[in-house]
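What follows is one structure encoded as structure tokens, with my remarks underneath.
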Amino acid sequence: MRNMRYQSFQCDLVRYPFTIKLSTRYGDCDVLAHINNVAFARLFEESRIRFNLALHKSDNLSHFERRDRLMLVATHIFYLAEMNYPSDVTIGVGVMRIGSSSYTLSCAMFNEQGDCVAVNQSTIANGENGKSSPMSDELRQAAGQFLMNLEGVEVQE
4 MRNMRYQSFQ CDLVRYPFTI KLSTRYGDCD VLAHINNVAF ARLFEESRIR
54 FNLALHKSDN LSHFERRDRL MLVATHIFYL AEMNYPSDVT IGVGVMRIGS
104 SSYTLSCAMF NEQGDCVAVN QSTIANGENG KSSPMSDELR QAAGQFLMNL
154 EGVEVQE
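The opening position of the sequence shown corresponds to residue 4 in the working numbering, with each subsequent residue numbered one higher.
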């Protein structure tokens, strides 16, 4: 990932075309009832999986039998604020960039007050046997339906 910092527009929930509400679990917290960093990663993972189900118009993981084999090849989490247990969160998910064999996915986590508490930027690549390969036109079009609203934003790479 070229850009290892988040951009302020990524903390704006209205820019995300896909949202999901998730709840923290007791096992996600430390002795001070803070949600730990691993739990943030798991919540982002769950949001990416749910996004992929929507991307493939599927209600289960059977879409992984298709031609396109999506793999998480890079991910970075920016922790912006603490969260305490119990907490419900809203995670916004959107495609920032579509390439020939990969796309960049942005996810942002918002607490119950609507504050952005973390941003996750990931590169999802299509590949088989450990090598990247071009995404199908069908997948590129599907990903295009989930592009973030970047109107008025200058994206820095």
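Backbone N, C-alpha and C fix where the C-beta goes; we use that ideal spot for every residue, glycine too.
- Counting every other CB atom within 10 Å of its CB across the protein chains shown gives V96 a total of 16 or more, marking it as buried.
- Counting other Cβ atoms within 10 Å of its Cβ, M74 stays below 16 and is therefore classed as exposed.
- At a Cβ-Cβ threshold of 7 Å, L153 and A121 do not count as neighbours.
- For the 7 Å CB-CB criterion, S50 and C110 form a contact.
- Counted as a single uninterrupted DSSP element, the stretch harbouring N152 is not any alpha helix (DSSP H), since DSSP gives it neither H nor E.
- Per DSSP, I52 is one residue of the alpha helix (DSSP H) stretching across N40 to L58.
- S136 sits in coil when the DSSP states are folded into three classes, being neither helix nor strand.
- Buried is the label assigned to D31, since at least 16 other Cβ atoms lie within 10 Å of its Cβ.
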